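Counting with this note's numbering, you get residues 1 to 421 for the letters of the sequence shown.
Note that beta-carbon positions come from the ideal geometry of N, C-alpha and C, so glycine has one too.
None of these values were measured; they are calculated from a predicted model.
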Amino acid sequence: MLTRFKYFALRNIQSHTPKASLAQSVRYIKKKKRTIKREDDFDGGEDAPDMGSQSEAVASLLKMFNPSEEDVKRMNEARDFSMKKYDTNLQSNIETYPHLFSKQAPDVISPSDKNKLSLISIPDYENYFSIDGFGGNLDRTFLFLFQRALLIRQQTIELAQSLHARFNNQQDQVKGHLVTGAKGSGTSCILNTLVHHAHKNNFIVFYIPSGKYWTHGSHIIHMNSTGLYEAPICTFKWLRSFFASNKHLLKKMPTHGLLDNHSNLYELCEWGASSLENSTVAFKTVLDELYIDTSTKMVFAIDDYDALQDYSHFHLGELTHIDQTGYRLKHVHGKEYVLVEFLDRIMMQNSPNRFFVGAQSVEKSVKDAPLSIVTVPDVYDPQELNVMVEYYKSCFKDVSVKDELMNPGKLIDDLINNGRF
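So, in structure tokens, the structure goes:
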């Protein structure tokens, strides 16, 4: 289990050195942590000493969050080694199991691709997913597989067909789709397959891999002048990811004068992603620019959609009640976020240049959602099961029990708990 120190150190290394592999970041943390005498010093225990007096530990932390050129070079070398291993494993799998993989996905997804795997190449991962990652537990799964591939299911094919039909004027205007299913049933996999497909077809992709991170993450929020709440840390991370994954298209999108000194969205996002201070203003301006634009093809993909439609874990703001127990602070609702207010406006506007898809692992409040419901079965069908078992066998040879996948999402947990890695 990660201590608080390891957790935040890992997150900071990943955000400051996005090219570093996760495994190398963990090794880097362990090496740096040797300079710290006691782990409890950073766990906030009752006997934790004053951080100001821990000059050696503070210096180590600062160096960790701002690694030297030598440290970055060493991490990049480890990353290159991991990439070579990735390529070797992937090519071996493709040659040995060609029937498992789609030859046209992610560029094209058709009914013939059902129950085949869509590969995520290293360049695609670094362009589209390296900053924010994938939704659900996919990041953890891919970490152990040393390769990334997503199963193309019937629901994925239907969503891809609906996406292209909307922009080809082949169907009535639909506000969007909401993919629902039991936890571990594959809703995040379906959503990420569609996100990858949209990127490869030159859509502007507005992707939130975890709505719960915005409403329940370890960060701060504050109210702006409009009475809505902003999450600066989430905003900064999202803006960096949005800029990195869409930069080849943002240059073609002129701004509408909402903020001076930026002629297109590329310049605006580049400015906002350059610092935390700029990101809040840039984020709100980018949202307004996307709302005004009614011609550029856009896909809005939100995982953990239900978390944005419920109360967050934040209690703050103006005092709303006084009773015998004392003051009770305002409980902030997801709909009071700048992000959620924007997404609601997008769905209400229902412009023909936008396609909206959300995903959630429970069916909470789906009756009130202004979206078409796409239900994912609680368990995989036999054909899907066989493909997944064969694929996992090709990645780590000791997986042989098919029943482990009959409980969706259980495979990786069992493998970790049983020490198979």
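Helix, strand or coil at residue i [DSSP, three-state]
i, result
"P370", "coil"
"Y266", "helix"
"P352", "coil"
"K116", "coil"
"K335", "helix"
"Y229", "strand"
"T96", "helix"
"K251", "coil"
"Y311", "strand"
"A244", "helix"
"Q104", "coil"
"A301", "strand"
"I346", "helix"
"I220", "coil"
"A282", "helix"
"G358", "strand"
"I292", "helix"
"L259", "coil"
Rounded straight-line distance, which links the Cα of residue j to that of residue i
i, j, result
"T96", "M388", "15 angstroms"
"T296", "K393", "42 angstroms"
"Y125", "L249", "17 angstroms"
"N127", "V362", "30 angstroms"
"F236", "N350", "27 angstroms"
"Q309", "K335", "6 angstroms"
"L239", "A282", "8 angstroms"
"S188", "E384", "16 angstroms"
"K33", "H197", "Low per-residue confidence applies at K33: pLDDT is 44, beneath 50, and the placement is therefore not dependable enough to give any value."
"T226", "D139", "36 angstroms"
"S210", "I152", "21 angstroms"
"S68", "R166", "49 angstroms"
"K73", "K212", "34 angstroms"
"L150", "S121", "11 angstroms"
"E77", "H164", "41 angstroms"
Contacts around residue i, its chain only, beta-carbon distance under 6 angstroms, and the 5 residues preceding and following it disregarded
i, result
"V26", "Because the pLDDT at V26 is just 45, under 50, the model does not fix this residue reliably, and the value given afterwards should be weighed accordingly. For V26, where only same-chain residues beyond five positions count, there are no Cβ hits under 6 angstroms."
"L259", "T285"
"Y311", "H331 and H333"
"L329", "H315 and L316"
"H216", "H313"
"F243", "C269 and A273"
"E341", "L228"
"N224", "E230"
Environment of residue i [buried if 16+ CB atoms lie within 10 Å]
i, result
"N261", "exposed"
"E422", "For the chain, the structure presents residues 1 to 421; residue 422 sits outside this window and is missing."
"Q104", "exposed"
"Q155", "buried"
"R345", "exposed"
"H199", "buried"
"D378", "exposed"
"I190", "buried"
"S102", "buried"
"D303", "buried"
"H222", "exposed"
"D306", "buried"
"I220", "exposed"
"K183", "exposed"
"P106", "buried"
"D403", "Per-residue confidence for D403 stands at a pLDDT of 42, beneath the threshold of 50, marking its modelled position as unreliable; no derived number is given."
"H263", "The residue asked about is misnamed: residue 263 is Ser in this sequence, not His. Its Cβ having fewer than 16 others within 10 Å, S263 is exposed."
Contacting residues, own chain, Cβ-Cβ under 7 angstroms from residue i (five flanking each side not counted)
i, result
"L100", "K116, L117, V387, E390 and Y391"
"K247", "Y266"
Residues near residue i by beta carbon distance below 8 angstroms, same chain, minus five either side
i, result
"E289", "M253, T255, H256, L258, L265 and L268"
"M298", "F203, I204, V205, F206, L290, N353, R354 and F355"
"L178", "Y305, V357, G358, A359, Q360, V366, A369, L371, S372, I373 and V374"
"G135", "S188, L191, N192, P209, S210, D303, D304 and A359"
Residue i Cβ short of 7 angstroms to the ligand FAD heavy atom set
i, result
"D304", "With respect to the ligand FAD, the structure offers nothing, as it holds no ligand at all."
| request: Within the stretch 122-206, note down every full beta strand (DSSP E) run reaching 3 residues or more, in order along the chain. | output: If only uninterrupted beta strand (DSSP E) runs of at least 3 residues are considered, those enclosed by the stretch 122-206 are 149-151 and 177-180.
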